[in-house]
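Trainee: Once you've had a glance at the structure underneath, I'll fire off some questions.
Protein chains in written order, with the UniProt record's numbering: chain A, 1 to 632; chain B, 1 to 632.
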């Protein structure tokens, strides 16, 4: 779980003048041959990023709403913004009266297509920036509009940018090279493996547009997007050429040039040609103009409409997940070692935080915000800390029931001995990415709070300890996390787990554990996902127990059809508060799991605490207070 | 689980002359303007039926292979037949050298499209009977062929029929009317409910093509297809008209005419107009010619290409499941009562069978076939027995590991005290349809057999006793059935359950319990599905435990967001052999479930046995031998 909205106040943005200017641009034939009657403003960037840079927050700029999901549409007379249930309240507070909030998921709310069709005059032209709409979304929208006599028009100049006078620059942060001690595989070997996959599929070109895939491929990291160590770039790989599109100013550092062998490539087919970021379109056009009749270009079907449509349809080979996405998901031994180290350091910081909380909370001086700040401070003291991996969810009592909560000054609650505290947080270290949730009570939890916590724990264990055949898709494990809650009539309305990058995005595909997906790729050894069931009692408390877990081979008694089996190994080694458990509801197997987990926490994290010169008294303190008490 | 192939010998069919005649027809411009270079022979009928009538077994006729799934394609030079892993052996034995077996699921096997494209001369025309290819399949095939420069051509006259001189007549069996005491709802009320759904969706016409939906809608049953009490018909329902397309000779019976109110309809909008079966095409054409600009026609996207394409695309509203399919799946109180009665009668027959087997097997005179025959004989003595609901799977030892096995004279094994016996069987009664699998050992099962049986039992119980929220889709429960097997490295390669009709098809949509589906409709109270995990040890034994279960409301402690909870109530009340269980592997909860289940079997089936004047000695016999022994 990770909240994605950036901090902002909750008073509505005044948008009357902006909308006037945008509507003027919609009539201005500088941008197109004929005026457009509607303009769609999606929330993404040109790389389908989940988190986006300030310069790409165009939907927020035009309407004021800064949640992670939402699409704005402006016509001559209307302005409407679609978002989902997580954001109804926030959006209604951040948008002024010029805007109609379209509550997705409610029966009475029209789809964007239906709404447009219901209000547009005949033969209308609807514009959108083809760079920030995905190819598959374009297709659906275009089909719906065409069938109603309208047309969807690609507007190359972004009309928001045209009225956004103080739009921030696109970030161009310093690039960091990662050596083999972090990556395990050189970028040259990754290119070779990619070309092997291309040969297998008889494909001549591969276009990479996802920022984390490009960062992973070249063993480079940036800081262009908050929380995500990526940088703005595109890559086109052919059988003999590699084209990298990036702000060329970034490539002056000698160590970086050396890493990429820009000045002395080892082999001609591993020579990287660099181009300005913006020239990807014309270069891809040139490549496509020279395609042979059988040449095929591999591109993700979620890539931008602009780039996808450069490739003639007969040469296009769209895929739901790129080979880089799949290769990146299966961590190698070096990456696994790095992830383990990152999680141990992270656990040290959290054990320190919990000890500090136990000491400070009785004074009434700790708030959601100060606890989150303390967590960041303690993490930042760990070696190779780079930053947080997402905004910390630090929530007390009823705030904990808001799944994507993050504390703001006007919502900030004080941690007390009387309410449940939920903290979902993580960091980027050079060797790995963490994401952990713990739920605690610093006084005496109610029987109901303990009961719910215990059901969530049972679900967490059921997934973590599950043994399943090689080739099983993660969504088939989702119900294991819910069975105990379901048995008591309870549930939680989010998925159970997501893929986690290695010093990369905290959310990554193509694997995960969720009832919502079906087309996820099968789990295999080396993949890393989160295991985070929860329970949320509206207006009262929220519970979530999240570990990051590694898919590892299992060795059960039999081996049906030689398929082999898998299970999970927790990478997160942070104690789970025993005080919140109703141990009578746990089976012996579950008790054994908890005790073995805590034994491992004590052994591994305890050793690191000592190594860091932290007194064991401090570590043992929380132990005595119930974090690490063995159950037998 | 139900085997679907009809009985046939295993020597190959000689097809040289037939293929010569078919190829001649492919060149004969009597059937089309230009000759075709390939002809596709799908395995279905015009109603997407799972089981088909002899007159529709065209693929079997042309190639000899009589399994339930397979597509034949004939070109000037080649003849190839695609089928899946269940049928590789059978198909290779039933087809002669003129045919190439295309083993689906193997990497080296080309798809039908790829194979056609690889062998056809440029600009080829590929023919298919548009009545027996579904609209969605046509679309995919047509798209692939077109992109390679070929075309898919609808050939109205079936070319197999043209060379099939002794093709059987289309069956036209007597129709049976079902009164309210069986159906709970009159057909008039079903029509009204359908029209309400049409109004909600703003649809003016609904075309029904699935035979079980039409039988259900009119509270009629036929015997046109073995095991399935359906009759060949189409129906088109408008807001004021009902058109029924059926062999008009069937409508002479006064009771039937009265049931359908053919001579004196109660209201004009409930007046049924009858038409010959074949005239559905021209009638639908006439309807479509008169459509207003906003009129929409509802048709299943699995309906035949022929009928679907009659409807202009802008007026077509395709759906994965029709409203009749959904309404039929949720059984009303009368249907549930009928299903319960049918299952009690079925249990009496099986208890008698098991007692008979215990007595006869030591004599060495019982075979797979004679046991199946005995089961049918005992069932046929029960009130309102109509016939079997699918061919009985009666399998001993290694035959049990063949999931879709049915005994043939050349494979027939004798039941002994040394091998596991699996019987999967069911019947049609006027009040309901049954489907039950029990696995037994009449001597001393091995520790491994008991272990596997117990894991399967744990899976069966995990599904049967599961509590889950209203709105849960069945596929989310599939892993519950596998968890115990997975933990030991075992699994089974089929789904866990299918929908079951009420005196209708033993397999029906839109609900089920399978990892293979995603678009299944949510389970709701009144739906009936099977729960049938298994384990198959190739060359040694097969285990399956199958009950038909009813979805019922559950009342757990809490009620999250007022969603309500569901669970299952077993309708099948046939004891599960305790001798096969390793009770040490069962939890107390599982033992309690088994004991409670057997208590209910004794109570309910025992009472019926007594009522039928069967001596309790006989019933108790199997009890003493381990069927009904309580565990505590």
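Glycine is no exception: its CB is placed at the ideal position from the N, C-alpha and C atoms.
1) Pull up the distance between the alpha-carbon of residue 343 of chain B and that of residue 440 of chain B, whole angstroms please.
2) Work out the CA separation of residue 313 of chain A and residue 215 of chain A for me, nearest whole Å.
3) Please go through the same chain and pick out, in chain order, the residues whose beta-carbon is closer than 6 Å to the beta-carbon of residue 682 of chain B, but skip the five residues on each side of it.
4) Touching or not, the region 412-430 of chain A and the region 359-371 of chain A, by the rule of three or more beta carbon pairs under 8 Å?
5) Taking 8 Å as the threshold (C-beta atoms), are residue 431 of chain A and residue 500 of chain A in contact?
6) Per DSSP, what kind of secondary structure is residue 341 of chain B in: helix, strand or coil?
7) Using a Cβ-Cβ cut-off of 6 Å (strictly less than) and excluding sequence neighbours within five positions of residue 80 of chain B, which residues of its own chain qualify?
8) Quick one: Cα of residue 629 of chain B to Cα of residue 587 of chain B, how far?
9) Apart from the five residues on each side of it in sequence, which residues of its chain come closer than 6 Å, Cβ to Cβ, to residue 271 of chain A?
10) Suppose contacts are defined by Cβ-Cβ distances below 8 Å. Is residue 567 of chain A in contact with residue 465 of chain A by that definition?
11) If we define contact as Cβ-Cβ less than 8 Å, is residue 70 of chain A a contact residue for chain B?
12) Report, in whole angstroms, the separation of the C-beta atoms of residue 482 of chain A and residue 497 of chain A, which I expect to be a contact under 8 Å.
13) Give me the Cα-Cα distance between residue 70 of chain B and residue 89 of chain A, rounded to the nearest whole angstrom.
14) When the Cα atoms are used, what is the spatial distance from residue 419 of chain A to residue 451 of chain A?
15) Would you tell me roughly how many angstroms separate the C-alpha atoms of residue 495 of chain A and residue 209 of chain A, rounded to the nearest one?
16) Out of B/347, B/179, B/589, point me to the one whose CA is closest to residue 427 of chain B's CA.
17) Assign residue 165 of chain B to buried or exposed, taking buried as 16 or more other Cβ atoms, counted over all protein chains shown, within 10 Å of its Cβ.
18) Per DSSP, what kind of secondary structure is residue 406 of chain B in: helix, strand or coil?
19) Which chain B residues are close to residue 480 of chain A, counting only those with a beta carbon under 9 Å from its beta carbon?
20) At a Cβ threshold of 8 Å, is residue 105 of chain B touching chain A?
21) Report buried or exposed for residue 180 of chain B, applying the criterion of at least 16 other Cβ atoms within 10 angstroms of its Cβ.
22) Check the Cβ-Cβ distances between residue 490 of chain B and every residue of chain A, and say whether any is below 8 Å.
23) Among A/293, A/267, A/339, which one has its Cα closest to the Cα of residue 550 of chain A?
24) Would you mind sorting residue 627 of chain A into buried or exposed? The rule is 16 or more other CB atoms within 10 Å of its CB.
25) Taking the straight line between their C-alpha atoms, what separation do you get for residue 437 of chain A and residue 379 of chain A?
26) Classify residue 570 of chain A as helix, strand or coil using the three-state DSSP reduction.
27) Check whether chain B comes within 8 Å of residue 82 of chain A, counting only Cβ atoms and requiring the distance to be less than that.
28) Note down the Cα distance separating residue 456 of chain B from residue 533 of chain B, rounded to an integer number of angstroms.
29) I need the DSSP call for residue 624 of chain A, collapsed to helix, strand or coil.
30) Within the chosen definition, does the region 476-492 of chain A reach the region 523-541 of chain A through at least 3 CB pairs nearer than 8 Å?
31) Grab the span of the beta strand (DSSP E) containing residue 633 of chain B for me, first residue to last.
32) For residue 605 of chain B, which three-state DSSP category applies?
33) Determine the burial state of residue 511 of chain B: buried for a count of at least 16 other Cβ atoms within 10 Å of its Cβ, exposed for fewer.
34) Would residue 543 of chain B and residue 576 of chain B qualify as a contact pair, given that the criterion is a beta-carbon distance under 8 Å?
35) Determine, using beta carbons only, whether residue 317 of chain B comes closer than 8 Å to chain A.
36) Can you give me, in chain order, the residues of the region 508-520 of chain A that have a beta carbon less than 8 Å from any beta carbon in chain B?
Mentor: So, to answer that:
1) 20 Å
2) 28 Å
3) For residue 682 of chain B there is no data in the structure shown, the boundaries of chain B being 1 and 632.
4) Touching, yes, given that three or more Cβ pairs across the two stretches are closer than 8 Å.
5) no
6) helix
7) 73, 100, 102
8) The pLDDT assigned to residue 629 of chain B is 33, lower than 50, so where the model puts this residue is not dependable, and the model offers no usable value.
9) 265
10) Here residue 567 of chain A is near residue 465 of chain A, since their CB atoms are less than 8 Å apart.
11) no
12) The Cβ separation is near 12 Å, so there is no contact.
13) Going from the Cα of residue 70 of chain B to the Cα of residue 89 of chain A covers about 55 Å.
14) Those two C-alpha atoms are separated by around 15 Å.
15) 26 Å
16) B/347
17) exposed
18) coil
19) 479, 480, 483
20) no
21) exposed
22) yes
23) The residue with the shortest Cα to Cα distance from residue 550 of chain A is A/339.
24) Reliability of the predicted coordinates at residue 627 of chain A is poor, the pLDDT of 43 falling under 50, and the value obtained from them is presented with this limitation in mind. The Cβ neighbour count for residue 627 of chain A, taken over all protein chains shown within 10 Å, is at least 16; the residue is labelled buried.
25) 15 Å
26) strand
27) no
28) 6 Å
29) With a pLDDT of 40 at residue 624 of chain A, under the threshold of 50, the modelled position of that residue is not reliable, and the figure given next carries that caveat. Residue state, collapsed to three classes: helix.
30) yes
31) There is simply no residue 633 of chain B to check, as chain B begins at 1 and stops at 632 in what is shown.
32) helix
33) With 16 or more other Cβ atoms within 10 Å, it is buried.
34) no
35) no
36) 515, 518
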